[in-house]
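**Q** Residue numbering for the sequence shown follows the working numbering, starting at 46 and increasing by one per position.
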Amino acid sequence: MILKTTAIPLACYPYSSTSRIVHWLTRHQGKVSTLLKGALRPHSPFRGEYALFSTSELLYFTQRTGTLHTGKECALLHPRPAFRRNWRAMQSASCITALFNKTTPEEAPCPELFELFEELLDLAEEYGHSFSFLGWAELRFCAHHGHAPQLANCTLCGAAESLAFSVASGGTVCTSCSKEKKLATLSSPPDILAILRSWQQADQPTGAVKTQLTAQQKNQIVDLVGRFMRYHFNSVEYYPTLNLM
Ligand SMILES: [Zn+2]
């Protein structure tokens, strides 16, 4: 069977001296893997028609057995050229792509997830150079998956005072609950929790990217959000690149 779908590469690997394997997030089929035969030959029809962070239309033959399909054609629809000019924005796009690649199961259709990926890449072109963008994007990702950290109250008793972040509890817990349940908490100064709350409530990153942060605040946000992402999404260590920003 031949399928046509909109798709964005998640990762590309060499398969032979002339062919490539490309993992894609597609709008209609979820995450799929294709072999692009001859993709590295000078006159290949695939050349220039797909790229990381870019949206293409993909035609491929599905395999009856196995999950490596055969690419037939692709056509570049939306190249997102800003990532060629702005390495910091490209770094944010790389982190977002790695996050989707590591956390999306194969062949599980989810058009909403594809739309979120497209939206975050579009926003990364404009705002991805900012340190705060990726934190905002990760909170959006958490909300999409139903794992938005609860940051305004204790997740156990609802108290709004003396809060500290507990990764395993899915957000903040109060001092008495953390003592009673012997919960491990992270250093969570009120200013950091307030910043994350404001990012979480914003539909767009326009406010988040204007947040003025000290080096200490940046480190605390990287630590707190990074631990949360690793715990809830089992994601890999892609976050430390942010320290460069
Ligand atoms: Zn409590």
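Even glycine gets a Cβ: it sits at the ideal position worked out from N, Cα and C.
List in chain order: all unbroken alpha helix (DSSP H) runs of 4+ residues lying wholly within the segment 172-240.
**A** Here the runs fully enclosed are 176-189 and 220-225.
**Q** I need the DSSP call for Pro285, collapsed to helix, strand or coil.
**A** Unreliable positioning characterises Pro285 in this predicted model, as indicated by a pLDDT of 44, which lies under 50. The coordinate reading is nonetheless provided below. Three-state result, Pro285: helix.
**Q** For Val67, is the beta carbon positioned less than 7 Å from some heavy atom of ligand 1?
**A** False, no ligand heavy atom lies under 7 Å from that Cβ.
**Q** Any chance the segment 162-176 sits against the segment 218-225, with 3 or more Cβ pairs inside 8 Å?
**A** Touching, no, given that fewer than three Cβ pairs across the two stretches are closer than 8 Å.
**Q** Secondary structure at His277, three-state DSSP: helix, strand or coil?
**A** Of the three classes helix, strand and coil, the one that applies to His277 here is helix, per DSSP.
**Q** Answer with buried or exposed for Met46, where buried requires no fewer than 16 other C-beta atoms within 10 angstroms of its C-beta.
**A** Exposed is the call here.
**Q** When you compare the segment 252-265 with the segment 193-202, are there three or more beta-carbon pairs, one atom per stretch, that lie closer than 8 Å?
**A** Contact between the segment 252-265 and the segment 193-202 is absent, because fewer than three Cβ pairs lie under 8 Å.
**Q** Would you kindly report the start and end of the unbroken beta strand (DSSP E) that includes Cys57?
**A** Note, Cys57: beta strand (DSSP E), Ile47 to Pro59.
**Q** Taking Pro235 as the reference, give the member of Ala209, Arg272 and Glu94 with the closest Cα.
**A** Closest by alpha carbon: Ala209.
**Q** Pairing CB atoms from the segment 141-156 with CB atoms from the segment 238-250, are three or more of them under 8 Å?
**A** Output reads no: the segment 238-250 does not touch the segment 141-156.
**Q** Can you give me the C-alpha to C-alpha distance between Leu179 and Lys76, rounded to a whole angstrom?
**A** Taking the straight line joining both Cα atoms gives about 22 Å.
**Q** Could you tell me the distance, in whole angstroms, from the CA atom of Ala193 to the CA atom of Ala134?
**A** Each residue's Cα considered, the two are about 24 Å apart.
**Q** Considering Cα atoms alone, identify which of Arg65, Ser211, Leu165 and Ala84 is closest to Arg125.
**A** When only C-alpha atoms are compared, the closest one is Leu165.
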